[in-house]
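Heads up, the thing below is written out as structure tokens.
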Amino acid sequence: MEQEYIFISGASKGLGKALTERLLARPTAKIFAFSRNPGDVEQELLTAHPEWQGRVQFGKGDAGNQEDVTRLVAEATTFFGERPNKIILNAGMFAFDDELDVKKKEEMQQLNVESNKIIINEIRGNDKEKPLHILFISSIGALAEEAEKPFEHTTVYGKTKAQVDAYLKELATTNDHIRVALSYPGPFGDSAKKLRDKFGDTWAVPTELVAARSAVLLESLNMKKIAEEIIVSEKHFSIENNFFDLQELAKKHIALTEISESESEHLIKKDEPNNEIRNGIK
Ligand SMILES: NC(=O)c1ccc[n+]([C@@H]2O[C@H](COP(=O)([O-])OP(=O)(O)OC[C@H]3O[C@@H](n4cnc5c(N)ncnc54)[C@H](OP(=O)(O)O)[C@@H]3O)[C@@H](O)[C@H]2O)c1
Numbered sequence: 031m032e033q034e035y036i037f038i039s040g041a042s043k044g045l046g047k048a049l050t051e052r053l054l055a056r057p058t059a060k061i062f063a064f065s066r067n068p069g070d071v072e073q074e075l076l077t078a079h080p081e082w083q084g085r086v087q088f089g090k091g092d093a094g095n096q097e098d099v100t101r102l103v104a105e106a107t108t109f110f111g112e113r114p115n116k117i118i119l120n121a122g123m124f125a126f127d128d129e130l131d132v133k134k135k136e137e138m139q140q141l142n143v144e145s146n147k148i149i150i151n152e153i154r155g156n157d158k159e160k161p162l163h164i165l166f167i168s169s170i171g172a173l174a175e176e177a178e179k180p181f182e183h184t185t186v187y188g189k190t191k192a193q194v195d196a197y198l199k200e201l202a203t204t205n206d207h208i209r210v211a212l213s214y215p216g217p218f219g220d221s222a223k224k225l226r227d228k229f230g231d232t233w234a235v236p237t238e239l240v241a242a243r244s245a246v247l248l249e250s251l252n253m254k255k256i257a258e259e260i261i262v263s264e265k266h267f268s269i270e271n272n273f274f275d276l277q278e279l280a281k282k283h284i285a286l287t288e289i290s291e292s293e294s295e296h297l298i299k300k301d302e303p304n305n306e307i308r309n310g311i312k
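So this is what it looks like as structure tokens:
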């Protein structure tokens, strides 16, 4: 099997870290991961898995900063002995519309949109013929935006993700050597807790499951040019049963994975009475 030289953004915690661990289980994968403050996550992984020695390296830098990305891609290239052939665009920030002042909006645009273009351009360099598989962690909010049913309190966030979806599809369509996977998760991890704190009960997908499905989606690029998958709890859209038009999804070749209630996490608002045991995750 071909060696996978994977460059992943935002991997010190959350989905990025879970994906890094999941992908290292593949003997073909070598990973260069980074975030602004990786701390000792590399050491932590290697202590738990000494067999990953030499197959994972963490760098430090800001995905939205051109100089940092240039340096990080150079570090990854030295580590791999060649340029990365797979990119996971994971770093992103989530915020409600009412939390965004002008400065924070710019920050979100820079990270959620521009950083991904910077990374792709830097990795492609002058070698536009090199085969490249790209996995982007988009969001269910982007599909809501694209379906003209934007989520009311996170429209800015949804728009940033939708911009990258469109950019990547165009890139794959116009370049023979580029294949693109778009993962559309519903709430998970810390952002699901933010939703719970604002709106009350929230159904989330365990981060590990989002990582597992997204890793399979990346692998599916061995067979496909563009792959898309929604990963949500079956309970998440229970109030809006018609949110997904299944025929429309099938027409667009977007897979829908609904995680069963028993495998989902039920996050309950902290200040509800009688929830002492079920505070946080049930
Ligand atoms: N959580 C959800 O409910 C949800 C749903 C749909 C889509 N998503 C998307 O999934 C992705 C991962 O989300 P998550 O919830 O796992 O995020 P998270 O827990 O907040 O982790 C974000 C990671 O990105 C890094 N990061 C943040 N800003 C960065 C920057 N400027 N440059 C480099 N690294 C940076 C963070 O590390 P440092 O602080 O060390 O930089 C951290 O490792 C995001 O793109 C998010 O939009 C999330």
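Heads up: the sequence shown begins at 31 in the working numbering, then just goes up one per residue. Using N, Cα and C, we set each Cβ at its ideal position, and we do this for glycine too. Quick caveat, the model's predicted, so the values are computed rather than measured.
In summary, VAL132 is exposed, with fewer than 16 beta-carbon neighbours lying within 10 Å of its beta-carbon over all protein chains present. Residue pairing of SER213 in beta bridges, as defined by DSSP: ILE167, GLU259. Note on the region 62-101: whole beta strand (DSSP E) runs with a minimum of 3 residues are 86-90, in chain order. In this structure, ligand 1 has no non-hydrogen atom nearer than 6 angstroms to the beta-carbon of ASN115. For HIS163, the number of other beta carbons within 10 angstroms of its own is at least 16, and it is reported as buried. Taking C-alpha positions only, ILE208 is separated from ILE256 by approximately 9 angstroms. In this structure PHE64 is in contact with PHE88, their Cβ atoms being roughly 6 angstroms apart against a cut-off of 8 angstroms. Out of ARG154, PHE126, GLY94, the CA that lies nearest to the CA of THR107 is found in ARG154.
Remark: the C-beta of PRO217 is in contact range of ligand 1, defined as less than 6 angstroms to any heavy atom.
Apart from the 5 residues on each side of it in sequence, ALA211 sits with its Cβ closer than 6 angstroms to the Cβ of LEU165, LEU247, LEU248, LEU251, ALA257 in its chain, given in chain order. Looking at the DSSP output, ALA59 sits in a beta bridge with GLU34. Residue pairing by DSSP places LEU286 opposite ILE260 in a beta bridge. For THR184, there is no enclosing beta strand (DSSP E), as DSSP marks it with neither H nor E. In the structure shown, LYS116 falls within a strand segment according to DSSP collapsed to helix, strand and coil. Closest option to GLU34, judged by alpha-carbon separation, among VAL143, GLY40, THR50: THR50. The C-alpha of ASP275 lies about 21 angstroms from the C-alpha of ARG243. Taking all protein chains in view, the Cβ of SER292 is surrounded by fewer than 16 other Cβ atoms within 10 Å, so the residue is classified as exposed. Distance from the Cα of LEU54 is smallest, within the candidate group ASN67, PRO68, GLN277, ILE38, for ILE38. For ligand 1, a non-hydrogen atom lies closer than 6 angstroms to the CB of SER169. Per DSSP, reduced to three states, the secondary structure at LEU130 is coil, with no helix or strand assignment. A residue is called buried when at least 16 other Cβ atoms come within 10 angstroms of its Cβ; LYS60 meets this threshold and is buried. Taken through DSSP and simplified to helix, strand or coil, ALA104 comes out as helix. Per DSSP, the beta-bridge partners of ALA234 are GLU295.
Per DSSP, ASN151 is one residue of the alpha helix (DSSP H) stretching across 145-154.
Judged by beta-carbon spacing, ALA241 lies beyond the 7 angstroms limit of GLU295, meaning their Cβ atoms are not closer than that value.
Our two residues, GLU278 and GLU176, have alpha carbons roughly 12 angstroms apart in a direct line. Taking the CA atoms as reference points, PHE181 sits about 28 angstroms from THR203.
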